[in-house]
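Input: a single structure, listed below in structure tokens.
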Ligand code: GLA
Ligand code: ZN
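Residue numbers (this note's numbering): 522 to 1202.
Structure representation (structure tokens):
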């Protein structure tokens, strides 16, 4: 754990919500009622002050902390901790009026009006000064407050670029530091293409998608800018209150931030999860959500994370948000725990009375009181969390890992491939991940920038951008006995987005033991069959359909495991395996259907004797996860189908956490979850 020494952060499972107290200052009866309800709901940590700037500093330089003092004291009196935010995510209108340069400029050079939130420029000196001033005061005032648990820096940093003069100058300086001189930059960006050569740094304007290299660097720069701003915000907090850990809430989708890099600078990873339950297939939604939980656990190398926002009922910004079916809230919260959470919070505690989020779900709705179904569901979650306290620091051991790389995602999205529209890096990663979820085999998400040594199997789908160090790390992993799976589109460009010459997957070609000679693409309803090669060493027996991408492989040393069954390339290898050192590298040259992926990974897991979780042959929609602390293991069994299903636990091993004899056959209700334990701590 990297939390500061004296923090109780990992001492229990936290439960709470975003509490926008500042909206209710004129309603004292609401405040009294809120604390009564928080106690009923088993709340232990509330996020406060997130959007409070206009109430904390109503006039430039005049601070009004008294209401926040009262709130902090009231939290403490009720035994509830504060996750105290810095207010940069929504600054007051007077600041925009007085210093318009705090507002972002769009790519056409227009300064944006004061509206919405997260609308500020990362570099504007006056904004940085104002945020330092208020954060310093917050830290000075509350550093020793007994309620203070965690700093919540800003809110959901975006990566929206700003094109103001200072930000563009910043980009040019960033480029100077990266390339040193313009010749190197012109080469890295292949700038002779369409006469894009630059002769002066001032000529560089990052508004040209035809220059893939430039746009990739612009994305990197904006990600770095957000991080730089975060470090600026966190500096006074860390200086004045070094014992209070710092987080900022991440998001699931690709928002343009390299969270692997960002996570190195937070003490705790926290994230906001808003799955679309009951809109499509709940099993797919569960898999996707599990993937993101594992991703956030992965950011700090397995350290438990905080699910710091989630909707207790409906989410009003989604195209469609359905009522959570009975049991679902508890299941969704337990899922976070199963994947490594050390706390579960909601957005929001009390439904707002006006504004865009007035109909967003909340623990306490407009009707008020504790009678609503959602409130009772939240009480139930609170009880579950209270009963599992020692899980907070528990780890989630895994022997399989999946590499997820943001720079790779950006490069892929920027590339104009013969199949321009569909890239779906994240979707393909989730399709590979899904197989392990369905088998109940734990899996980590990793950046690929660290060591791979502890894993038996590493998946690196669609790793289009491969820097020399990444290639070396993957090769070393396989050479020393690891098993690697790569797919179509692997190893085409290097870190500046310059294509690797000599044929793809150039930097990995020797390890994969194959060349990729051509690749075909398919539209909807098109495809080609893939047939297992007779007697192939992995024991593949199923025929598959390839769609979207089909690479025509020419093995140099690899064994063809499956070949195309049609088109003019009938018989050409589509899937290969190559012994390399003490390990094996598999390459799936085609985008295959789900059934084939399941078959492939089932064969591979059996071959590698991967410890399947404690439950074998899981029914569709059910999965298990184990968390472990000091030799004590917790088994989560979760059913994401609406009908009840039965699983078989290893005889004599797992007892219900409530106590009692070990059980064998377990029935999980529809959207049901059960937790078992084996052994004592
Ligand atoms: C985000 C924000 C919150 C709130 C929720 C609504 O996660 O961080 O402030 O707007 O969305 O779902
Ligand atoms: Zn700017």
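All residues carry an ideal CB built from backbone N, CA and C; glycine is no exception.
Since residue 953 is in the alpha helix (DSSP H), which residue starts that stretch and which ends it? Stepping through the chain shown from its first residue, residue 953 is reached at position 432. Residue 953 -> alpha helix (DSSP H) spans 946 to 960.
So, is residue 701 buried or exposed, given that buried needs 16 or more other C-beta atoms within 10 angstroms? If you number the chain shown from 1, residue 701 lands on position 180. Residue 701 should be labelled exposed.
By alpha-carbon positions, which one of 676, 568, 558, 604 ends up nearest to residue 612? Locating residue 612 in the chain shown gives position 91, counting from the first residue. Looking at the Cα atoms, 676 is the closest of the given residues.
For the ligand ZN, is there any heavy atom lying closer than 8 Å to the beta carbon of residue 739? Residue 739 sits at position 218 when you count from the first residue of the chain shown. Remark: the shortest separation between the CB of residue 739 and any heavy atom of the ligand ZN does not fall under 8 Å.
List the DSSP bridge partners of residue 828. Taking the first residue of the chain shown as position 1, residue 828 is located at position 307. Answer by DSSP bridge pairing, in chain order: 792, 865.
Provide the residue span of the beta strand (DSSP E) that contains residue 1068, from first to last. Here residue 1068 is taken as the residue at index 547 of the chain shown, counted from 1. Residues 1065 to 1076.
Are the CB atoms of residue 976 and residue 998 nearer to each other than 9 Å? Numbered from its first residue, the chain shown carries residue 976 at position 455. Numbered from its first residue, the chain shown carries residue 998 at position 477. Taking 9 Å as the Cβ cut-off, residue 976 and residue 998 qualify as a contacting pair.
Please look up how many angstroms separate the CB atoms of residue 831 and residue 867, rounded, as I've assumed it's under 8 Å. Numbered from its first residue, the chain shown carries residue 831 at position 310. Numbered from its first residue, the chain shown carries residue 867 at position 346. Contact between residue 831 and residue 867 holds: CB atoms are separated by about 6 Å, below the 8 Å threshold.
Using a Cβ-Cβ cutoff of less than 7 Å, which residues in the same chain neighbour residue 662 once the five nearest sequence positions on both sides are dropped? Along the chain shown, one-based indexing puts residue 662 at 141. Excluding positions up to five away in sequence, the list reads 586.
By alpha-carbon positions, which one of 988, 566, 689 ends up nearest to residue 1029? Taking the first residue of the chain shown as 1, we reach residue 1029 at position 508. It is 988 whose Cα lies nearest to the Cα of residue 1029.
Let me know the secondary structure DSSP gives residue 602 once reduced to three states. Translated into positions along the chain shown, residue 602 becomes position 81. Residue 602 falls in the strand class under three-state DSSP.
Determine the burial state of residue 651: buried for a count of at least 16 other Cβ atoms within 10 Å of its Cβ, exposed for fewer. Within the chain shown, numbered from 1, the residue matching residue 651 stands at position 130. By the neighbour-count criterion, in which 16 or more other beta carbons inside 10 Å mark a residue as buried, residue 651 falls on the buried side.
With a threshold of 8 Å (Cβ to nearest heavy atom), would residue 684 be considered close to the ligand ZN? Residue mapping note: residue 684 aligns to position 163 of the chain shown, counting from 1. Yes, the Cβ of residue 684 comes within 8 Å of a heavy atom of the ligand ZN.
Spatial neighbours of residue 910 in its chain, beta-carbon cut-off 7 Å, leaving aside the 5 residues before and after: Numbered from 1 along the chain shown, position 389 holds the residue referred to as residue 910. Correct list, in chain order: 533, 534.
Going by Cα to Cα distance, which pick from 784, 679, 865 is closest to residue 604? By one-based count along the chain shown, residue 604 stands at place 83. Minimum Cα distance to residue 604 is reached at 865.
Relative to the ligand ZN, is the shortest distance from any of its heavy atoms to the C-beta of residue 649 smaller than 8 Å? Position 128 of the chain shown, counting from 1, holds the residue named residue 649. No, Cβ of residue 649 sits at least 8 Å from all heavy atoms of the ligand ZN.
Going by C-alpha distance, which of 1044, 574, 918, 621 is nearest residue 589? Indexing the chain shown from 1 puts residue 589 at position 68. For residue 589, the nearest C-alpha among the options comes from 574.
Apply the 10 Å Cβ neighbour rule to residue 1182 and answer buried if 16 or more other Cβ atoms are within range, or exposed otherwise. Translated into the one-based positions of the chain shown, residue 1182 becomes position 661. Classification of residue 1182: exposed, given that the 10 Å Cβ count is below 16.
Suppose you measure from the CA of residue 582 to the CA of residue 576; what does that come to, to the nearest Å? Along the chain shown, read from residue 1 onward, the residue named residue 582 stands at position 61. Along the chain shown, read from residue 1 onward, the residue named residue 576 stands at position 55. Annotation: residue 582 to residue 576 spans about 12 Å, alpha carbon to alpha carbon.
Run the CB neighbour count on residue 919, radius 10 Å, all protein chains shown included, and call it buried at 16 or more, exposed below. Mapped onto the chain shown, residue 919 falls at position 398. Classification of residue 919: buried, given that the 10 Å Cβ count is 16 or more.
Using 9 Å as the threshold, is the C-beta distance between residue 513 and residue 833 below it? This structure cannot settle anything about residue 513, because the visible part of the chain is limited to 522 through 1202.
Suppose only complete runs of 4+ residues qualify. What are the alpha helix (DSSP H) ranges in the segment 537 to 594, listed by chain order? Counting only runs of 4 or more, we get 549 to 561, 574 to 577.
Since residue 812 contacts residue 790 with CB under 8 Å, what's their CB separation in whole angstroms? Sequence index remark: in the chain shown, residue 812 carries index 291 (1-based). Sequence index remark: in the chain shown, residue 790 carries index 269 (1-based). Rounded, the Cβ-Cβ distance is 15 Å, inconsistent with contact.
In its own chain, which residues sit with a C-beta less than 6 Å from the C-beta of residue 965, not counting the 5 before and 5 after it? Position 444 of the chain shown, counted from the start, is the residue given in the question as residue 965. Counting only Cβ-Cβ distances below 6 Å, and skipping sequence neighbours, we find 819, 919, 922.
Using 9 Å as the threshold, is the C-beta distance between residue 759 and residue 767 below it? Here residue 759 corresponds to residue number 238 of the chain shown, with the count starting at 1. Here residue 767 corresponds to residue number 246 of the chain shown, with the count starting at 1. Between residue 759 and residue 767, the C-beta gap is smaller than 9 Å, which places the two residues in contact.
List, from N- to C-terminal side, the alpha helix (DSSP H) runs of 4 residues or more that fit wholly inside the segment 1097 to 1155. With a minimum length of 4 residues, the continuous alpha helix (DSSP H) runs that stay inside the segment 1097 to 1155 are 1115 to 1128.
Tell me which same chain residues have a C-beta within less than 7 Å of the C-beta of residue 934, skipping the five on either side of it? Taking the first residue of the chain shown as 1, we reach residue 934 at position 413. 944, listed in sequence order.
Of all the options 990, 957, 903, which has the alpha carbon lying nearest to the alpha carbon of residue 972? Taking the chain shown and counting its residues from 1, the one referred to as residue 972 is at position 451. It is 990.
Which residues in the same chain have their Cβ closer than 7 Å to the Cβ of residue 1077, if we skip the five residues on either side of it in sequence? The sequence position of residue 1077 within the chain shown is 556, counting from 1. Within the same chain, Cβ atoms closer than 7 Å to the Cβ of residue 1077 are found at 1034, 1035, 1036, the five residues on either side in sequence being excluded.
Let's test the definition: count the other Cβ atoms within 10 Å of the Cβ of residue 734 and tell me whether it reaches 16, buried, or not, exposed. By one-based count along the chain shown, residue 734 stands at place 213. So residue 734 ends up on the buried side.
Thinking C-beta only, is residue 747 closer than 9 Å to residue 672? The sequence position of residue 672 within the chain shown is 151, counting from 1. The sequence position of residue 747 within the chain shown is 226, counting from 1. Here residue 672 is not near residue 747, since their CB atoms are 9 Å or more apart.
Going by beta carbon distance, what residues of the same chain come within less than 8 Å of residue 829, once the five residues before and after it are set aside? As a first step, residue 829 must be located in the chain shown, where it is residue number 308. The answer, listed in chain order, is 568, 604, 673, 768, 770, 791, 792, 793, 864, 866.
Comparing alpha-carbon positions, which option in 687, 1107, 641, 1038 lies nearest residue 608? As a first step, residue 608 must be located in the chain shown, where it is residue number 87. The shortest C-alpha separation from residue 608 is found at 641.
Apart from the five residues on each side of it in sequence, which residues of its chain come closer than 6 Å, Cβ to Cβ, to residue 1017? In the chain shown, counting from the first residue as 1, residue 1017 sits at position 496. Within the same chain, residue 1017 has close Cβ partners 709, 734.
Where the alpha helix (DSSP H) through residue 672 begins and ends: Against the chain shown, residue 672 aligns to sequence position 151. Run containing residue 672: none in the alpha helix (DSSP H); it sits in the beta strand (DSSP E), 669 to 673.
Considering only heavy atoms of the ligand ZN, does any lie closer than 8 Å to the CB of residue 642? On the chain shown, residue 642 is found 121 positions in, with the first residue counted as 1. Yes, the ligand ZN has a heavy atom inside 8 Å of this Cβ.
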